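Counting in the working numbering, the sequence shown runs from 712 upward without gaps. Cβ coordinates follow ideal geometry from the N, Cα and C atoms, glycine included. Please read these numbers as outputs of a predicted model, since none were measured by experiment.
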Amino acid sequence: MANKDMCLLWGSGSAPCWRAMIVLAEKGRWKGCMNKRLDFSKGEHKQSDVLELNPRGQLPTFKDGDVVVNESGAICMYLEEKYGDDSTYRLLPTDVNERAKVYQKMFEVSNMISNVHVPLIRYRFVTKKEDWDLERLKESTKKAKEELDRWNTILGDKDYLCGNDFTMADVFFYPYLALLVRTGASLSGHPALKKFYDRVSKRPSVQATWPPHWKESEGPGYFSDL
Ligand SMILES: N[C@@H](CCC(=O)N[C@@H](CS)C(=O)NCC(=O)O)C(=O)O
Numbered sequence: 712m713a714n715k716d717m718c719l720l721w722g723s724g725s726a727p728c729w730r731a732m733i734v735l736a737e738k739g740r741w742k743g744c745m746n747k748r749l750d751f752s753k754g755e756h757k758q759s760d761v762l763e764l765n766p767r768g769q770l771p772t773f774k775d776g777d778v779v780v781n782e783s784g785a786i787c788m789y790l791e792e793k794y795g796d797d798s799t800y801r802l803l804p805t806d807v808n809e810r811a812k813v814y815q816k817m818f819e820v821s822n823m824i825s826n827v828h829v830p831l832i833r834y835r836f837v838t839k840k841e842d843w844d845l846e847r848l849k850e851s852t853k854k855a856k857e858e859l860d861r862w863n864t865i866l867g868d869k870d871y872l873c874g875n876d877f878t879m880a881d882v883f884f885y886p887y888l889a890l891l892v893r894t895g896a897s898l899s900g901h902p903a904l905k906k907f908y909d910r911v912s913k914r915p916s917v918q919a920t921w922p923p924h925w926k927e928s929e930g931p932g933y934f935s936d937l
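Printed below as a string of structure tokens:
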């Protein structure tokens, strides 16, 4: 569905951006909306047109008509509420008790970010390789494994985090898992996560929004132990 009043500013490989992109695609609005890829390495996310909408100068930055919504979680929830009619795939169950389970997992993803993404991936992105503190990385890897163990157990035999349906919990979680794989994790010690990763990676909304630069080059191969 074409919607030229809708605009998403995004960066390739950014997990929060990818969340919003997946929801747009699930709602059939990814192709139709104005979406503009910005280059973090050129500082494009700090340009005035972004700062006017998002004073933090972060991506994703989103506008739908006169409504400006930043923060990936808020964008996803806005899209689900505004465009989640019966003609689109529902990412939140209608039953309030079932929905609560999805909410819990959505918010639980903050642990994945603080225990895996920040200490293992972000740390390496922002620290020069010669300055990497290897003892610190070893300790962080131990904690990250414990976090991944938890998610592996949550998944168990299920197809998705909350059962057999793809939900907003999966939208929130998957991009961070994919970033881990992109940066070198094999997930060999976490078979349920690996199956989940393979399953969700094939989803049309995920394929349609796959980070373009991931198609062009290999990731950094940080991990031999995850
Ligand atoms: N909590 C925000 C985080 C957004 C965020 O940190 N985006 C990163 C890219 S992954 C960014 O724009 N970083 C640039 C900066 O913070 O200056 C969300 O979920 O949308």
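| query | result |
| --- | --- |
| Is the closest heavy atom of ligand 1 to the C-beta of P727 under 6 Å? | yes |
| Is any heavy atom of ligand 1 found at a distance shorter than 6 Å from the C-beta of L770? | yes |
| Compare the C-alpha of E857 against each of D750, N826 and T920 and name the closest. | N826 |
| When the Cα of F773 is compared with those of A811, S752 and M745, which residue comes out closest? | M745 |
| Per DSSP, which one or two residues make a beta bridge with G874? | Y871 |
| Comparing the CB of S759 with every heavy atom of ligand 1, is any distance shorter than 6 Å? | no |
| Suppose you measure from the CA of A811 to the CA of D842; what does that come to, to the nearest Å? | 43 Å |
| Mapping DSSP to helix, strand and coil, what is F694? | Residue 694 is absent from the model: the chain starts at 712 and stops at 937. |
| Could you check whether the segment 817 to 836 touches the segment 906 to 918, counting it as contact only if at least three pairs of C-beta atoms, one from each stretch, sit closer than 8 Å? | no |
| In the DSSP output, what is N781 paired with across the bridge? | T772 |
| Examine the Cβ distances between the segment 736 to 752 and the segment 926 to 933 and report whether three or more of them are shorter than 8 Å. | no |
| What three-state label does DSSP hand R748 in the structure shown? | strand |
| Between the segment 860 to 876 and the segment 900 to 912, do three or more beta carbon pairs fall short of 8 Å? | yes |
| When DSSP labels each residue in this structure, what does D716 get in the three-state scheme? | strand |
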